[in-house]
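Student:
There are 2 protein chains.
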Amino acid sequence: MRARLLEATVELLVEKGFSGTTTTLVSERAGVSRGAQLHHFPTKNDLVVAAVTHLTERRGEELAAAASQLPAGKQRTRAVIQMLGDHFAGPVFTAALELWVAARTDETLLEAVAPLEQVVGRETHKMTVQLLGADESQPGVRELIQATLDLVRGLGLASTLGDDTRRRRRILDQWAATLETTLGFEARFARTSTTDKEQ
Amino acid sequence: MRARLLEATVELLVEKGFSGTTTTLVSERAGVSRGAQLHHFPTKNDLVVAAVTHLTERRGEELAAAASQLPAGKQRTRAVIQMLGDHFAGPVFTAALELWVAARTDETLLEAVAPLEQVVGRETHKMTVQLLGADESQPGVRELIQATLDLVRGLGLASTLGDDTRRRRRILDQWAATLETTLGFEARFARTSTTDKEQ
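Going down the list, the protein sequences come from chains A and B. With the UniProt record's numbering, the residue at position 34 of the first sequence is 34, and numbering never jumps. With the UniProt record's numbering, the residue at position 34 of the second sequence is 34, and numbering never jumps.
1. When Cβ atoms are compared, which residues of the region 103–117 of chain A fall closer than 9 Å to chain B?
2. Roughly how many whole angstroms lie between the Cα atoms of B/Q174 and B/V141?
3. Can you name the residues of chain A whose CB is closer than 7 Å to the CB of B/A138?
4. Skipping 5 residues on each side, what residues in its chain have a beta carbon closer than 6 Å to that of B/T23?
5. I'd like to check one pair, A/L5 with A/V48: are the Cβ atoms closer than 7 Å?
6. Looking only at its own chain, which residues have a Cβ that is under 7 Å from the Cβ of B/D164, when we skip the five neighbours before and after it?
7. Note down, in chain order, every chain A residue with its Cβ under 7 Å from the Cβ of B/Q174.
8. Return yes when the Cβ of A/L13 is within less than 7 Å of the Cβ of A/A95, no when it is not.
9. Using the C-alpha atoms, what's the distance from A/T128 back to B/L179?
10. Under 8 Å by Cβ, that's how I've got B/I171 and A/A147 pegged, so tell me the actual separation to the nearest angstrom.
11. Use the C-beta contact count for B/R166: other C-beta atoms within 10 angstroms, 16 or more gives buried, fewer gives exposed.
12. Out of B/G162, B/R104, B/G156, which one is the CA nearest neighbour of B/Q82?
13. In this structure, does DSSP put A/R188 in helix, strand or coil?
14. Looking at the unbroken alpha helix (DSSP H) that takes in A/F88, where does it start and where does it end?
15. So what does DSSP say about A/E11, is it helix, strand or coil?
16. Whose CA, out of A/K126, A/R168, A/L109, A/K74, lies closest to the CA of A/A50?
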């Protein structure tokens, strides 16, 4: 029942936004009585904070599942970037965005959302480093990974106002190529300390 | 009086978010009578749509003013990137973000916001190309400019949950360096069609 309530909250955040997500709509959507709902979550904030946590776990699972399907070899960088781009253009990001923006002007919500976002941010960063095989001891590599995650966040925000899948694909193509050149260069530089021919 | 009402609306969007911006608060903040306000803007949507347009103009002016202060020479790329980063981390972006997210689940608002965002997006892109002296006829250059704008949008979104000026500065340092290398290479390649020594 708890899971049904949280799933319904996430769905409603995507469909109706934060202010349109009422506790009445959640209980209707989840098929749970008002009494039972109030027992689990006395206020909208309780419900939404639990949904944030639930969302965080779903975001982690979604990314881990997508990561396990990635190819090895030359196509890997592009595939990692696409996976991140898809994730940040999907419903889990949209629901998180609603909470994020609402939390900006709601102190109670911010207290729950900000630390969770820090954890998610750190874990997503760590996962991306591993998936790309990036060496963060090289200068600039850490910042490029962070830039990659801020890029897909920006693309995710743009996608909420309309479908721009084709634009996103072209940008991610180019980003992956640039990242590959830069990370490749750094890695080679670290291994050989000689000047390799660069493309 | 109209300008005062629109400024008050933008201020309230930043302070209280979209749902916390009520017509009563706007008339109080602007020091305008309810009657006069209703004469100019009969509904909240009228007011907010006018504020979107007003915001769009302010965004354009803000960027143009910042652009006129940019240095020439080697530091220019970094300065352009910093200008964009600062802009997307400022209050005008925050107010636009509130409208953007509200418009996602409000059809009337979306009808006003989506075309404006397209115009702003195109103009910001054009300005960035000019400021960087980028040659979009070269493969990948257009996408790298778009990526730069999506990156600063993502950084702007991150900054709404807390001050991360230092993190942003490091990321923009690195991105400016990467962009400089990539655009520099493209430009040189276009001029000489020979293999120059690359750093």
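A virtual CB, placed ideally from N, CA and C, is assigned to each residue, including glycine.
Tutor: Based on what the coordinates show:
1. Taking 9 Å as the Cβ-Cβ cut-off against chain B, the residues of the region 103–117 of chain A that qualify are A103, R104, T105, D106, L110, V113, A114, E117.
2. Straight across, the Cα-Cα distance linking B/Q174 with B/V141 is about 17 Å.
3. At residue 138 of chain B the sequence reads Gln, which differs from the Ala that was named. Residues of chain A with a Cβ closer than 7 Å to the Cβ of B/Q138 do not exist; the shortest Cβ-Cβ separation is about 11 Å.
4. Closer than 6 Å at the Cβ level, and outside the excluded window around B/T23, lie K44.
5. Taking 7 Å as the Cβ cut-off, A/V48 and A/L5 do not qualify as a contacting pair.
6. Result list for B/D164: A158, in chain order.
7. Listed along the chain, the chain A residues whose CB falls inside 7 Å of the CB of B/Q174 are G140, E143, L144, A147.
8. Yes. Within cutoff.
9. The alpha-carbon atoms of B/L179 and A/T128 are separated by roughly 21 Å.
10. Rounded to whole angstroms, the Cβ separation of B/I171 and A/A147 is 5 Å, and the two are in contact under 8 Å.
11. In the assembly as shown, B/R166 is an exposed residue. Its beta-carbon has fewer than 16 other beta-carbons within 10 Å.
12. Nearest to B/Q82 by alpha-carbon distance, out of B/G162, B/R104, B/G156, is B/G156.
13. Legend: pLDDT at A/R188 = 39, less than 50; position of this residue unreliable, value from coordinates given subsequently. Helix.
14. Here the alpha helix (DSSP H) through A/F88 covers 76–88.
15. Per DSSP, reduced to three states, the secondary structure at A/E11 is helical.
16. For A/A50, the closest alpha carbon among the candidates A/K126, A/R168, A/L109, A/K74 is that of A/L109.
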